[in-house]
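Below is one structure, written out as structure tokens; the observations come after it.
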Amino acid sequence: MVKPVKTRGLADAIAEYVEDGMTVALEGFGHLIPFAAGHEIIRQGRRDLTLCRMTPDLIADQMIAAGTVRKLVASFFASGSAGSLHEVRRRIERHDPEPLEVEEYSHYGMFCRYQAAASGLPFFPLRSYAGSDLPELNPQIRKVEDPYGGAPVHVVPALAPDVTVVHAQRADRYGNVQMWGIVGAQQEVVYAARRAIVTVEEIVDEEVVRSDPNRTVIPAHAVDAVVHCPGGAHPSYVQGCYDRDNAFYRDWTPISKEPARLHAWLAEWVYGVPDRAAYLAKLGDHWPAAVAVGERLSQPVDYGRRLA
Amino acid sequence: MVKPVKTRGLADAIAEYVEDGMTVALEGFGHLIPFAAGHEIIRQGRRDLTLCRMTPDLIADQMIAAGTVRKLVASFFASGSAGSLHEVRRRIERHDPEPLEVEEYSHYGMFCRYQAAASGLPFFPLRSYAGSDLPELNPQIRKVEDPYGGAPVHVVPALAPDVTVVHAQRADRYGNVQMWGIVGAQQEVVYAARRAIVTVEEIVDEEVVRSDPNRTVIPAHAVDAVVHCPGGAHPSYVQGCYDRDNAFYRDWTPISKEPARLHAWLAEWVYGVPDRAAYLAKLGDHWPAAVAVGERLSQPVDYGRRLA
Amino acid sequence: MTVIPTSEPDDSVAVSSTEFLAAVAARELAGKGRVFAGVGLPTLAVDLAKRTVNPFLELVYESGVCGAHPEGMAEGIADSVLVSGADAVVSMQALFGYVLQRGNVDVGFLGAAQVDRHGSLNTSVIGDWHKPKVRLPGSGGAADIMPNAGECIVVLRRHDPGALPAQLDFCTSPSPVRARASDPRAVPPGHGVATVITPLGVLRRPDKFGELELAQVHPGVSVQQVRENTGWDLAVAHEVTETPRPTREDVRLLREEIDTVRLYLR
Amino acid sequence: MTVIPTSEPDDSVAVSSTEFLAAVAARELAGKGRVFAGVGLPTLAVDLAKRTVNPFLELVYESGVCGAHPEGMAEGIADSVLVSGADAVVSMQALFGYVLQRGNVDVGFLGAAQVDRHGSLNTSVIGDWHKPKVRLPGSGGAADIMPNAGECIVVLRRHDPGALPAQLDFCTSPSPVRARASDPRAVPPGHGVATVITPLGVLRRPDKFGELELAQVHPGVSVQQVRENTGWDLAVAHEVTETPRPTREDVRLLREEIDTVRLYLR
Numbered sequence: 001m002v003k004p005v006k007t008r009g010l011a012d013a014i015a016e017y018v019e020d021g022m023t024v025a026l027e028g029f030g031h032l033i034p035f036a037a038g039h040e041i042i043r044q045g046r047r048d049l050t051l052c053r054m055t056p057d058l059i060a061d062q063m064i065a066a067g068t069v070r071k072l073v074a075s076f077f078a079s080g081s082a083g084s085l086h087e088v089r090r091r092i093e094r095h096d097p098e099p100l101e102v103e104e105y106s107h108y109g110m111f112c113r114y115q116a117a118a119s120g121l122p123f124f125p126l127r128s129y130a131g132s133d134l135p136e137l138n139p140q141i142r143k144v145e146d147p148y149g150g151a152p153v154h155v156v157p158a159l160a161p162d163v164t165v166v167h168a169q170r171a172d173r174y175g176n177v178q179m180w181g182i183v184g185a186q187q188e189v190v191y192a193a194r195r196a197i198v199t200v201e202e203i204v205d206e207e208v209v210r211s212d213p214n215r216t217v218i219p220a221h222a223v224d225a226v227v228h229c230p231g232g233a234h235p236s237y238v239q240g241c242y243d244r245d246n247a248f249y250r251d252w253t254p255i256s257k258e259p260a261r262l263h264a265w266l267a268e269w270v271y272g273v274p275d276r277a278a279y280l281a282k283l284g285d286h287w288p289a290a291v292a293v294g295e296r297l298s299q300p301v302d303y304g305r306r307l308a
Numbered sequence: 001m002v003k004p005v006k007t008r009g010l011a012d013a014i015a016e017y018v019e020d021g022m023t024v025a026l027e028g029f030g031h032l033i034p035f036a037a038g039h040e041i042i043r044q045g046r047r048d049l050t051l052c053r054m055t056p057d058l059i060a061d062q063m064i065a066a067g068t069v070r071k072l073v074a075s076f077f078a079s080g081s082a083g084s085l086h087e088v089r090r091r092i093e094r095h096d097p098e099p100l101e102v103e104e105y106s107h108y109g110m111f112c113r114y115q116a117a118a119s120g121l122p123f124f125p126l127r128s129y130a131g132s133d134l135p136e137l138n139p140q141i142r143k144v145e146d147p148y149g150g151a152p153v154h155v156v157p158a159l160a161p162d163v164t165v166v167h168a169q170r171a172d173r174y175g176n177v178q179m180w181g182i183v184g185a186q187q188e189v190v191y192a193a194r195r196a197i198v199t200v201e202e203i204v205d206e207e208v209v210r211s212d213p214n215r216t217v218i219p220a221h222a223v224d225a226v227v228h229c230p231g232g233a234h235p236s237y238v239q240g241c242y243d244r245d246n247a248f249y250r251d252w253t254p255i256s257k258e259p260a261r262l263h264a265w266l267a268e269w270v271y272g273v274p275d276r277a278a279y280l281a282k283l284g285d286h287w288p289a290a291v292a293v294g295e296r297l298s299q300p301v302d303y304g305r306r307l308a
Numbered sequence: 001m002t003v004i005p006t007s008e009p010d011d012s013v014a015v016s017s018t019e020f021l022a023a024v025a026a027r028e029l030a031g032k033g034r035v036f037a038g039v040g041l042p043t044l045a046v047d048l049a050k051r052t053v054n055p056f057l058e059l060v061y062e063s064g065v066c067g068a069h070p071e072g073m074a075e076g077i078a079d080s081v082l083v084s085g086a087d088a089v090v091s092m093q094a095l096f097g098y099v100l101q102r103g104n105v106d107v108g109f110l111g112a113a114q115v116d117r118h119g120s121l122n123t124s125v126i127g128d129w130h131k132p133k134v135r136l137p138g139s140g141g142a143a144d145i146m147p148n149a150g151e152c153i154v155v156l157r158r159h160d161p162g163a164l165p166a167q168l169d170f171c172t173s174p175s176p177v178r179a180r181a182s183d184p185r186a187v188p189p190g191h192g193v194a195t196v197i198t199p200l201g202v203l204r205r206p207d208k209f210g211e212l213e214l215a216q217v218h219p220g221v222s223v224q225q226v227r228e229n230t231g232w233d234l235a236v237a238h239e240v241t242e243t244p245r246p247t248r249e250d251v252r253l254l255r256e257e258i259d260t261v262r263l264y265l266r
Numbered sequence: 001m002t003v004i005p006t007s008e009p010d011d012s013v014a015v016s017s018t019e020f021l022a023a024v025a026a027r028e029l030a031g032k033g034r035v036f037a038g039v040g041l042p043t044l045a046v047d048l049a050k051r052t053v054n055p056f057l058e059l060v061y062e063s064g065v066c067g068a069h070p071e072g073m074a075e076g077i078a079d080s081v082l083v084s085g086a087d088a089v090v091s092m093q094a095l096f097g098y099v100l101q102r103g104n105v106d107v108g109f110l111g112a113a114q115v116d117r118h119g120s121l122n123t124s125v126i127g128d129w130h131k132p133k134v135r136l137p138g139s140g141g142a143a144d145i146m147p148n149a150g151e152c153i154v155v156l157r158r159h160d161p162g163a164l165p166a167q168l169d170f171c172t173s174p175s176p177v178r179a180r181a182s183d184p185r186a187v188p189p190g191h192g193v194a195t196v197i198t199p200l201g202v203l204r205r206p207d208k209f210g211e212l213e214l215a216q217v218h219p220g221v222s223v224q225q226v227r228e229n230t231g232w233d234l235a236v237a238h239e240v241t242e243t244p245r246p247t248r249e250d251v252r253l254l255r256e257e258i259d260t261v262r263l264y265l266r
């Protein structure tokens, strides 16, 4: 019996866990978006996925353009500062080249769906939808009576993806994952999902993790594969490692506006590279110079040690 | 207009916020139990409190013996390793010297009550009570139908204390509170309560807090008073500062078994000292030698800083 | 109803529409404690407010950042500059559940494609949801913020009957009027939209269950002009004031200290 | 039903009841992944299991600690030694909601004052709840663990009709049998109590909706003796084995490495 080491190659992990037709959640709220994993899913030619992401961002635009996605479950249909996701809009507004099924929530609604599944509950209550048109067109948003005599409360159903991929700063080889900065829905989606792959900037010695156990957002028992994937969140960012590539985000708008340019981009930057290392090499001088950050270290805290 | 500095003396804060008849939550799950605050509440002669604590521990035994508490809302009626709380048992088993009203949950049930109140919800769902006798004798535990067709789900109602006191390692003077180790229900109970007092081992410069914002469990906006109170959790412990005083816990059993001894103890250690500093001085050589811990520092993480 | 001019011509400085809106919005934050800020124009407004009328305004973002102290201008609500040096970064459950839904946010700062007379917002679609003319960003946090923030301020970049219609194409974030209509027991804790700032004026909704009314017109704009450009019969406050112009210092701060790269300023 | 002796007399070493129970319980953890451990006898058992049959057993505590690597013996489920050097310390919602209620705990390790034939537990009161003869600790996490852990192991320090009664004085933590009886749709995901270890033998409940049956008797104990000391007509497995005695190494580890201060060992 050995303690399970969960380090894997990204292509291996995606090949093993992501199948056509699955419900796949790629989370990361502006921060730590698992781009490398999304590109690998495209490269492997997966089809008919139900893609769940609170903020679809460029990665959804790319995966949808590549024909990977049948349905999008989300709560914000644009990219942070960069505006429209034109592939998403073409699909929805003009069914061009084909329709995209959409299930729409508010941010907290999406998060509560993950929380429900992560908690083994059929639903989760929230206060967001009284009077909104969202429940009318989304029959998944329902109500329960308040047994304490108050107004009925809206609930959203558990969302348990078949598989999720998230990105983080570091993990040990057993899969204890630490992240800092904006942590989004990552802990919840990993517990919600049947399988979880975590890509990380750095695989560290378990003593690094164990020096600060409160920083472990995802314990190893919830992780199926941990993948060493530096730069795996580009063009989004990793707090303390590299910053958001805002130039890249701005460039996406004209690219995504024209399907021909978009497909040329996919051919060059996704299909045309074997893996993330090659993608970073292809970025050349741009990486990591354009997104480098200065140092701002946390002050250590003392966990103490019992004296003999 | 100035940024509100919330540092206060403990006696002041308790005098201002804790009134007779209030519902008061003192949380801290084995770790960071706010003993100094409990003793100050006793000293100020508060009466008829509804005391909420998942694990009542010695502090509840002491407050009940002092006549402070009318009702106990809890999920574990013993002290971690030390066994029975004899004042609690006398009250419940023999109504000696008078009865104690009790509302009983499981740990997760209590925690969900705080979560409901912290989230502005009337109730919170959980999976713990089907077939248990707990819901039959506690009418606060109810059920809602699952609008997705599953079995009904048990719920517990929001518990919003009038005031809560928690203890932590450090805070800045504005009330941004950082803690590590076991964090218990502290974040939830502070948001659940109308007023929150936080006692801390150390008031630190805001730059210390801001070097590690993920460590801030309780943001300043949720805190009404922050009190510098070193040793405020003795005989429980503060991760990295001092260890649990196990000898003290073991000594409590014979003390609490005899009401006369218990009252003598209160006279000497609570009524007989003006504040926590005097209590620590009275512990003499025992403090802090018997509970000292060695150093085990977390490795710092880098939050980064945007390059100009 | 009378229009009362309040701005001094000497203060005047040539400003863009964005600068004007940002400065007007910043002033609305005087005396407020905690603001839930979105990206874009709200970013400019909260920064300007902190440098002028409200230095201790607490900035809360749906990404979990509480008490941001950004060293540079944020390019999104999840920007790394909001995290570095913040007072706190909390979980999404803590942010949406404990901070927002529990009622700890004083002001929600929202944008919208459409606002109706009661301050319900559409940020989802123009046209039919199933095959819309324009697919908009959707709720994001807006449907969560509207019922739970103490009040909401909306900034619109257009003022015409399309942006302020009699009927929304879709209601993403409902006013308390709509919430109560859906279920008399479902009255949200928040006031809903209290203030709408447009390129023509400022509409206010003093009553939680009332209608928006025209409270301010911007310099050079008439009450009649505002009413003609609104999709319903817009009520007008008893006294309508003229919106004070941005000060020279407002404009200097916006251009030289806040948005030096002209990301949002146009 | 036949009793099959399995232990070799040569292995025998004089052991206390606590040592015996801890060693038997430790063996039950062979092949298990993640155990939710309480304080006291479970502390000894999980530590011994990690040093013998299951070095990579993951220890989870209701205080939020996952993957504890304690440098000393824990004096409680919230002991600082469980935190220092642990893989993770998570929030209570993550621990009770995500780890436990989601089904990530294989074995819950519980104590009880009373166990009934279906493995329902009483840890609340002896006598009437409103004025009990003995006020016990109550649920703690037990009522949360029972329905949600894959299975539960219970260790009793007494085996008599008071501890194993026909009727519990109070049901704190219900077996799936009681849960289903309360509502046919409310079947919990977990098996409930699978194993009860007592000073006389080991009872097992192979069927999620079945009764406990006597599976092992400790050396020197007869089947008849166990049945006479049980408050109901205890079923007996087709083959009853004799419990293997603790090995000399088990006892050495317990005394010299695990509980050197004799906190739990008696």
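Protein chains in written order, with our numbering: chain A, 1 to 308; chain B, 1 to 308; chain C, 1 to 266; chain D, 1 to 266. The beta carbon of each residue, even a glycine, is placed where N, CA and C say it ideally should be. Quick caveat, the model's predicted, so the values are computed rather than measured.
Rounded to a whole number of angstroms, what is the C-alpha to C-alpha distance between residue i and residue j?
i	j	result
C/Gly140	A/Val156	16 Å
D/Leu156	C/Val35	56 Å
D/Gly162	D/Glu242	24 Å
A/Gly67	B/Lys6	56 Å
B/Asn138	B/Tyr129	11 Å
Give a yes or no on whether 7 Å exceeds the smallest Cβ distance from residue i to chain D.
i	result
B/His107	yes
A/Lys3	yes
A/Gly120	yes
A/Thr216	yes
A/Asn138	no
A/Pro213	yes
From what residue to what residue does the alpha helix (DSSP H) around residue i run?
i	result
A/Gln187	Gln186 to Ala192
B/His107	His107 to Ala118
A/Ala15	Leu10 to Tyr17
A/Glu101	A/Glu101 -> not in any alpha helix (DSSP H); beta strand (DSSP E) instead, spanning Glu101 to Glu104.
B/Ile42	Phe35 to Arg43
C/Leu100	Looking at the DSSP string, C/Leu100 is not in any alpha helix (DSSP H), and its letter there is neither H nor E.
Between residue i and chain B, is any beta-carbon pair separated by less than 7 Å?
i	result
D/Pro9	Any reading at D/Pro9 is ruled out, since the residue's pLDDT is 47, under 50, leaving its predicted position unreliable.
D/Val107	no
Along chain C, in chain order, which residues have C-beta atoms closer than 7 Å to that of residue i?
i	result
A/Ser298	Within chain C, no residue comes near A/Ser298; the closest Cβ sits about 11 Å away, beyond 7 Å.
Just to make sure I have the definition right: I need the residues of chain C whose C-beta is within less than 9 Å of the C-beta of residue i. Which are they?
i	result
B/Arg113	Near B/Arg113 there are no residues of chain C at all, since even the closest Cβ is about 14 Å away, more than 9 Å.
For residue i and chain A, any beta-carbon pair shorter than 7 Å?
i	result
D/Tyr264	no
What is the residue span of the beta strand (DSSP E) that residue i lies within?
i	result
B/Gln169	Val163 to Ala171
Under the criterion of a Cβ to heavy atom distance below 6 Å, does residue i qualify as lining the ligand ATP?
i	result
B/Phe248	No copy of the ligand ATP appears in this structure; indeed no ligand is present at all.
Along chain A, in chain order, which residues have C-beta atoms closer than 8 Å to that of residue i?
i	result
D/Tyr98	Ala118, Ser119, Gln187, Glu188, Tyr191 and Ala222
Against residue i, what residues of chain D qualify as contacts under a CB-to-CB distance less than 7 Å, listed in chain order?
i	result
B/Val333	Nothing in the structure corresponds to residue 333 of chain B, since chain B is present only between 1 and 308.
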